[in-house]
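Each remark here refers to the structure printed beneath this line.
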Amino acid sequence: MTSAPWREFGDELDRWRDAGRIADFWWRDDDAAHPTASLARLASLSGRCGVPLALAAIPADAEEAIFSDLPETVEVLQHGVDHCNRAPEGARACEFPSGAHVDSALARLAGGRARLQLLAGARLLPVLVPPWNRFAPELIGMLPSLGICGFSSFSARPAAELVLGVRQVNTHVDLIAWRRGRVFVGEAKALAEAVEHLRARRENRVDPGEPTGWLTHHALHDEPLWSFLDRLFRFTASHGTVRWLRAVDVFHVVAGA
Ligand SMILES: [Zn+2]
Numbered sequence: 001m002t003s004a005p006w007r008e009f010g011d012e013l014d015r016w017r018d019a020g021r022i023a024d025f026w027w028r029d030d031d032a033a034h035p036t037a038s039l040a041r042l043a044s045l046s047g048r049c050g051v052p053l054a055l056a057a058i059p060a061d062a063e064e065a066i067f068s069d070l071p072e073t074v075e076v077l078q079h080g081v082d083h084c085n086r087a088p089e090g091a092r093a094c095e096f097p098s099g100a101h102v103d104s105a106l107a108r109l110a111g112g113r114a115r116l117q118l119l120a121g122a123r124l125l126p127v128l129v130p131p132w133n134r135f136a137p138e139l140i141g142m143l144p145s146l147g148i149c150g151f152s153s154f155s156a157r158p159a160a161e162l163v164l165g166v167r168q169v170n171t172h173v174d175l176i177a178w179r180r181g182r183v184f185v186g187e188a189k190a191l192a193e194a195v196e197h198l199r200a201r202r203e204n205r206v207d208p209g210e211p212t213g214w215l216t217h218h219a220l221h222d223e224p225l226w227s228f229l230d231r232l233f234r235f236t237a238s239h240g241t242v243r244w245l246r247a248v249d250v251f252h253v254v255a256g257a
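Going by this note's numbering, 24 is the number at position 24 of the sequence shown; the sequence numbering is gapless.
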């Protein structure tokens, strides 16, 4: 029997279908660095289900082994540089806080990008995912000078172009309950967040052109979360109106650039 959250999710997808629209989704997973069993499980899930995965890797910590034997469905994004908190005391965690030295921040970002290019090769896209989804506004305009032309944080974007030459596509459904023991948020909350973003897009309350982004953190996945992903991918595969996009299409960028 289908439970209410899945029914409501299906109903919302039906409304997209009835309106002749494709519900486009994308999947971002953060904090890739080490070759662990959960990372291998994540990559294999993506390959087996044919669902594109944008893997946000931490340049300073990333081991070469995580990029070998990845299924063709996996692309790589840059997740900050070392994922260390540099926010002033009392402020929310941030690797690139406002007011820090601009030149050294840019040099670190460029160094991180160069390292990932070396390790991930053509899988790397010129897209920055700032740790904790926060980034100093004064640095954003300088991203194109580093060759970065995509940016991803959390919640509905205010505009498709963050600054000239940088396309923003965020995630909207966070599957981890950060303040409740870092476990799966539960399918009711996950699906309600997805329905909320889809509905807001359909009603033009947010940018309807921003694909709905699902955010995971493979290192924290418990069995209920793995099962949920499995069911989500089967459910969306059987609903003709859903399309999972590759990051290269989400950000309109060129791989390996
Ligand atoms: Zn992170």
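Glycine is no exception: its CB is placed at the ideal position from the N, C-alpha and C atoms.
May I ask you to list the residues that DSSP assigns as paired with residue i?
i	result
GLU138	The partner list for GLU138 (beta bridge, DSSP) is empty, contrary to what the question assumes.
VAL169	Note: VAL169 sits in no beta bridge, so no partner.
LEU232	None; LEU232 has no bridge partner.
LEU215	ARG28 and ASP174
GLY150	VAL127 and ARG167
ALA56	ASP30 and LEU77
Would you report the Cα separation of residue i and residue j, rounded to the nearest angstrom?
i	j	result
GLN117	ALA57	11 Å
ASP30	VAL81	13 Å
ASP24	LEU245	7 Å
CYS149	VAL253	7 Å
ALA43	LEU119	17 Å
HIS239	ALA100	47 Å
CYS84	ARG231	34 Å
SER227	PHE184	10 Å
ASP207	GLY165	18 Å
LEU45	ARG28	13 Å
LEU128	ALA4	36 Å
TRP214	VAL76	16 Å
GLU72	LEU146	26 Å
PRO88	LEU53	33 Å
SER38	GLU193	24 Å
LEU162	MET142	11 Å
ALA110	GLY20	43 Å
ARG157	VAL169	7 Å
ALA159	ALA255	23 Å
SER68	GLU203	42 Å
GLU8	THR36	35 Å
GLY181	ALA32	20 Å
ALA107	VAL51	34 Å
LEU191	ALA65	34 Å
LYS189	SER155	15 Å
GLY47	VAL74	8 Å
ARG41	ALA219	10 Å
ALA122	PHE235	31 Å
GLY209	VAL242	14 Å
ARG115	ASP61	10 Å
SER104	SER98	13 Å
SER153	ARG179	19 Å
Determine the DSSP secondary structure at residue i, reduced to helix, strand or coil.
i	result
PHE9	helix
VAL266	Within the shown structure, residues of the chain are numbered from 1 to 257, placing residue 266 beyond reach of any answer.
GLY164	Before going on, a small fix: residue 164 reads as Leu here, not Gly. The answer is coil: DSSP assigns LEU164 none of H, G, I, E or B.
TRP27	strand
PRO88	coil
VAL102	helix
PHE67	helix
ARG243	strand
ALA237	helix
VAL76	strand
VAL183	strand
ALA159	coil
CYS49	helix
ARG205	coil
ALA114	helix
SER227	helix
ARG21	coil
GLU95	coil
PRO35	coil
ALA200	helix
Heavy atom of ligand 2 less than 8 Å from the Cβ of residue i, yes or no?
i	result
GLY186	This structure simply doesn't include ligand 2; it includes ligand 1 instead.
Any beta-carbon of chain C closer than 9 Å to the one on residue i?
i	result
GLU89	No chain C is part of this structure, which consists of one protein chain only.
If you measure from each CB to the nearest heavy atom of ligand 1 and keep those under 5 Å, what residues do you get, in chain order? ASP30, ASP31 and PRO131
Is it true that the region 93-108 meets the region 131-139, where meeting means three or more beta-carbon pairs spaced less than 8 Å apart? yes
Any contact between the region 134-145 and the region 173-192? By contact I mean 3 or more CB pairs, one from each, below 8 Å. no
Within the chosen definition, does the region 190-200 reach the region 7-26 through at least 3 CB pairs nearer than 8 Å? yes
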